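Each step along the sequence shown adds one to the number in the working numbering, with nothing skipped, and position 76 is 76.
By construction, the Cβ of each residue, glycine as well, lies at the ideal position given by its N, Cα and C atoms.
The model shown is predicted, which means the values in this text are computed figures rather than measured ones.
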Amino acid sequence: MTIQVVRTFSDPVLRKKADPIKQITPEIKTLARDMLETMYCSKGIGLAAPQVGVSQRIVTIDISNEGEELHPMVFINPEITKSSGQVDYEEGCLSVPGYHGVVIRPEQVTVRFQTLDGQNKTIPCKGLLARVLQHEIDHLDGVLFTDHLDVDWWESEEGQHMEKDHPRFSETTKFRTSAA
Ligand code: NI
């Protein structure tokens, strides 16, 4: 297994719409394992392939609590088929390190995807799983959580930076379990 470098917000791969996976090859299985390893190593609860520089529609998630048994999940070509409700929640992202912001999203979603064994599944999700899945599916479409915030960006020689003083932002690392 190989731990990959997590790309951060100025990397163009994070802004590309990722390609559907047509066939679950051994390379895709290796990618899934590498993504899980990278996610655990970065103390994240979700990761999308573009975050490791691969523009393909695959997501890994583990929302188990620290100290509990690991519960790795892999979603291939995930797609939201139904959503309802509305809830706000403070999100973070491994690709936007050090920043968190409150994002309003549907509370419940139904997600259709394929497993690593190629089975088609459709599952209803709520709570943290629904939240992380929506955040990760956004990544597959080139969207970052910061796009949902009413916040200004400014450019510097190093690239894009966020307006730090915006009230909907809290610069903190204490919510480590919400980094995805
Ligand atoms: Ni993220």
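Pick from the options that is closest to residue i, judged by C-alpha positions
| i | options | result |
| --- | --- | --- |
| Asp88 | Leu140, Gln108, Ile123 and Ser55 | Gln108 |
| Arg105 | Ile3, Pro26, Val132 and Gln119 | Val132 |
| Ile21 | Thr2, Met73 and Val54 | Val54 |
| Gln114 | Arg7, Lys29, Val143 and Ser10 | Lys29 |
| Ala18 | Val143, Ala32 and Leu128 | Val143 |
| Val103 | Ser42, Cys41 and Leu128 | Leu128 |
| Ala49 | Glu90, Leu149 and Asn77 | Asn77 |
| Pro124 | Ile58, Gln134 and Glu90 | Gln134 |
| Ile3 | Leu47, Glu69 and Phe75 | Leu47 |
| Leu94 | Ala130, Glu27, Ile45 and Val59 | Ile45 |
beta-carbon residue i near the ligand NI non-hydrogen atom, thresh 7 Å
| i | result |
| --- | --- |
| His135 | yes |
| Ser10 | no |
| His244 | The chain is shown from 1 up to 180; residue 244 falls before or after that span and cannot be answered. |
| Leu94 | yes |
Inter-residue spacing [alpha-carbon to alpha-carbon] between residue i and residue j
| i | j | result |
| --- | --- | --- |
| Thr81 | Lys121 | 12 Å |
| Thr110 | Ile61 | 16 Å |
| His139 | Met39 | 15 Å |
| Glu79 | Arg112 | 5 Å |
| Ile24 | Met73 | 16 Å |
| Glu158 | Ser84 | Low confidence applies to Glu158: its pLDDT is 48, below 50, so where it sits in the model is not reliable, and the reading given next is rough at best. Approximately 40 Å between the Cα atoms of the pair. |
| Asp117 | His148 | 34 Å |
Residue i CB to nearest heavy atom of the ligand SAH below 7 Å
| i | result |
| --- | --- |
| Ser42 | Only the ligand NI can be found as ligands here, which leaves the ligand SAH out of the picture. |
Quiz prompt | At least 3 beta-carbon pairs within less than 8 Å: the region 93-110 vs the region 52-67 | solution = Contact between the region 93-110 and the region 52-67 is absent, because fewer than three Cβ pairs lie under 8 Å.
Exercise. Kindly confirm or deny that the region 4-14 and the region 38-57 touch, where touching means at least three C-beta pairs closer than 8 Å.
Key: Cβ pair count under 8 Å is three or more, so yes.
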